[in-house]
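Here is the structure we will look at.
There are 2 protein chains.
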Amino acid sequence: MRTRLTQKLCIEHPIISAPMGLAAGGRLAAAVTKAGGLGLIGGGYGDSEWLEREFAAAGDERIGCGFITWSLAQKPDLLDFVLAHEPAGVMLSFGALAPFAQRIKEAGVMLICQVQTLALAREAVAAGADIIVAQSAEAGGHAIERATFTGARDRRLSRGRSAGYVLVAAGGVADGHGLAAALMLGADGVLVGSRFWASTEALVQPELQAAAVAADGDSTIRTTVVDIVRGYDWPPPFTARVIKTRLTMDWHGREGELAQPAVQEREKARYWKAFHAGDVENTCVLAGEAVGLIRDVVPAGKIVRRMVEEAEALLARSADTLGSVSI
Amino acid sequence: MRTRLTQKLCIEHPIISAPMGLAAGGRLAAAVTKAGGLGLIGGGYGDSEWLEREFAAAGDERIGCGFITWSLAQKPDLLDFVLAHEPAGVMLSFGALAPFAQRIKEAGVMLICQVQTLALAREAVAAGADIIVAQSAEAGGHAIERATFTGARDRRLSRGRSAGYVLVAAGGVADGHGLAAALMLGADGVLVGSRFWASTEALVQPELQAAAVAADGDSTIRTTVVDIVRGYDWPPPFTARVIKTRLTMDWHGREGELAQPAVQEREKARYWKAFHAGDVENTCVLAGEAVGLIRDVVPAGKIVRRMVEEAEALLARSADTLGSVSI
């Protein structure tokens, strides 16, 4: 399955794994690349020891890395560290591109910019993005309120013919149906988070993955609770999509109270204890609406192959049976 | 383009026009049917004189009608009135189905149920729905927070093999890309609102249509302002997507103040005066994220033909060029 994205990245399948903080380590990224996509390590909130270890875990596979840009701004040296590993691409999301975009381009590394609005898309074009990821509200973790269905379409329409970037859809894609639909909407490929989060190689507690497998698509909510409780200073209007656990729903709507220092400190300790223990209801589970499409925890390579085979079959069948295209 | 939907409804193209209150009159519905889809008149908040006139305006074309179910419950006789016109289908959305579903089925009329969650989808199956419309948050007007991209997929997955209904995706579909993507996601067709709202035959002030043509996909917001100001008692969690006009943004976040009787009465008068005068900034414009994909106001028949031709070309091309499917 060749698209502008596979050509741009010299990969086999138009699938990128999302650089999910803590969850997307070197083994996951390497497995996605090995299967013909491109794997990205999650730079998260910037822990250089973690990054060192995970780049090592990726071995010789060609992978990239993604950053939460506003967080990277607090530890800008991490970019040099990552560039020294000669990544296949660096993805920036959630913050001002200017200081970093140029360094990435100068290093001869592919600049991947994830955007959530048309204004951010224009900023990414101005910064020289090679790949623009149009991310939407159904995504797990941080995003804002736009849907893939229209978002990918109008990012596509908004691009000038001369702009050389390729477009990737993110948010809600977890199977071949989603990949085929994204291509129909005008995207050149997909960036997939939750589905890879529920893979064997992801650095995720099995109990949290089991909760995602058990959840349906109506089981998630966008909220700021997960950031307040962890003490992360996310700028508005970003919120995070999580599964509706007890902790989340207890505090959703009472964010002011949660933010009080004594309360936050107590809840933060409980959050991380439960997170590491796999105690689902007493932590937050960052995952997208696509959890409704996840039925098992399998190796990332199998996820890539399934998606591609399913999408190819759908696309072939749609033309074979153009007189009757229900699938 | 034949799908389960075209077979079920005996129509040519898998496209239904949304029963938008006030906007979707008889001429629009008739034009969509004449072009090979199925047009639905918008029952809205239940004005029998308006319905009488619009059924007459549809002439002899085979059309259907849609209701806001909680509003219909306040004027249940309207259903008899509509059934007496032998509609091709009656769509129920936003309320308890039980009292009406049975009467529709008994009249031998196709039961179309629009749902926003899996629980509502199950209720629709239990009520014997012939067609289930999976509506999502990018839609204009009322809905709740689920996206088409995942919503249509997991409604599809959730249906038992024995359930005989066909699935229609709604929200964010305004062109052939959207139609083709919806089919890839597993839907049998699409229900289209905003794109037909911006058609020649829609009962919409030209100034409001011009505002939608000028808007991009980031120009809309989900809010309760439009219902509070009009005095409509919408049950939570439904909100309405509107273009960010001055009136909307002045009151969004100050809903409690707006709901005070003296304020609401004053603003309601201003709202309707501006609405009828085409004074965009001082009223609300119910429209979906798909406004970013609307570039012109054209006859509904042309919209249907464009969508079908574009979708067919995309589906054919995807297979012709399966080695390079970027579109």
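Sequences listed follow chains A and B, in order.
For the first sequence, the working numbering begins at 1071 and goes up steadily by one.
For the second sequence, the working numbering begins at 1071 and goes up steadily by one.
Each residue gets a CB set at the ideal place from its N, CA and C atoms; glycine is no exception.
No experiment lies behind these values; they were computed from the predicted model shown.
Contact under 8 Å by Cβ, residue i with residue j
i	j	result
B:L1261	B:V1355	no
B:T1294	B:E1325	yes
A:L1363	A:A1244	yes
B:G1136	B:G1112	yes
A:L1121	A:I1086	no
B:V1236	B:L1110	no
A:A1105	A:V1374	yes
B:A1101	B:A1370	yes
B:A1217	A:G1242	yes
B:L1181	B:A1199	yes
A:T1290	A:V1367	no
B:G1256	B:V1238	no
B:P1084	B:M1071	yes
B:R1292	B:R1311	yes
B:V1160	B:V1179	yes
B:A1268	B:V1283	yes
A:A1381	A:G1287	no
Segment limits, alpha helix (DSSP H) that includes residue i
i	result
A:T1139	T1139 to L1142
B:A1250	G1246 to M1254
A:I1174	A1168 to E1176
B:A1401	Beyond the ends of chain B as shown, which are 1071 and 1397, falls residue 1401 of chain B; an answer cannot be given.
B:A1194	L1188 to A1196
B:A1099	G1096 to K1104
A:L1075	R1074 to L1079
B:S1118	S1118 to A1127
Residue interval of the beta strand (DSSP E) (run including residue i)
i	result
A:L1317	It is not in any beta strand (DSSP E) - A:L1317 instead sits in the alpha helix (DSSP H) that spans R1316 to W1321.
A:Y1212	At residue 1212 of chain A the sequence reads His, which differs from the Tyr that was named. Taken as a continuous stretch (DSSP letters only), the beta strand (DSSP E) holding A:H1212 covers G1211 to A1213.
B:L1261	G1259 to V1262
B:V1236	V1236 to A1240
A:L1162	G1159 to S1163
B:L1181	M1180 to V1185
A:L1153	It is not in any beta strand (DSSP E) - A:L1153 instead sits in the alpha helix (DSSP H) that spans D1147 to L1153.
B:S1087	I1085 to S1087
A:L1110	L1110 to G1112
A:V1203	I1201 to Q1205
Test: residue i CB closer than 8 Å to a CB of chain A
i	result
B:D1366	no
B:T1309	no
B:E1379	no
B:W1120	no
B:E1208	yes
B:L1079	no
B:T1293	no
B:H1083	no
B:T1318	no
B:E1124	no
B:G1242	yes
B:E1131	no
Short CB-CB distance (under 8 Å) between residue i and chain B
i	result
A:R1231	Confidence at A:R1231 is low in this model, with a pLDDT of 39, below 50, so the placement of that residue should be treated as unreliable; the coordinate-derived value is given next. For A:R1231, the answer is no, since every Cβ of chain B falls outside 8 Å of its Cβ.
A:H1322	no
A:E1193	no
A:L1392	Only weak support is given to the placement of A:L1392: the predicted model assigns it a pLDDT of 48, under 50, and the value that follows is read from those uncertain coordinates. Cβ-Cβ to chain B under 8 Å: yes for A:L1392.
A:R1216	yes
A:L1356	no
A:G1362	yes
A:V1395	Note that A:V1395 has pLDDT 48, beneath the 50 cutoff, so the model's placement of it is unreliable and the number below is only indicative. Yes, because at least one Cβ of chain B sits closer than 8 Å to the Cβ of A:V1395.
A:L1384	yes
A:T1315	no
A:H1212	no
A:G1221	yes
A:E1156	no
Contact with chain D by residue i, beta-carbon distance below 8 Å
i	result
A:A1329	Here chain D cannot be found, since the structure's protein chains are A and B.
### Task
Write down every uninterrupted run of the beta strand (DSSP E) in the segment 1268-1324 of chain A whose length is 3 residues or greater and which is fully enclosed by it, in chain order.
1290-1293 and 1309-1313
### Message
To be precise: take each residue of the segment 1250-1277 of chain A, compare its Cβ to all Cβ atoms of chain B, and keep it if any distance is under 9 Å. Which residues remain?
### Response
A1250, A1251, A1252, L1253, M1254, L1255, G1256, A1257, D1258 and G1259
### Query
Any residues in the segment 1176-1188 of chain A with a beta carbon nearer than 7 Å to a beta carbon of chain B? Which ones, in chain order?
T1187 and L1188
### Near-chain A residues of the segment 1279-1292 of chain B - C-beta to any C-beta below 9 Å
The residues in question are D1286, G1287, D1288, I1291 and R1292.
### Query
Taking a cut of 7 Å between CB atoms, which residues from the segment 1326-1355 of chain B lie near chain A?
none
### Message
If the cut-off is 7 Å on Cβ atoms, which residues from the segment 1082-1103 of chain A count as contacting chain B, listed in chain order?
### Response
none
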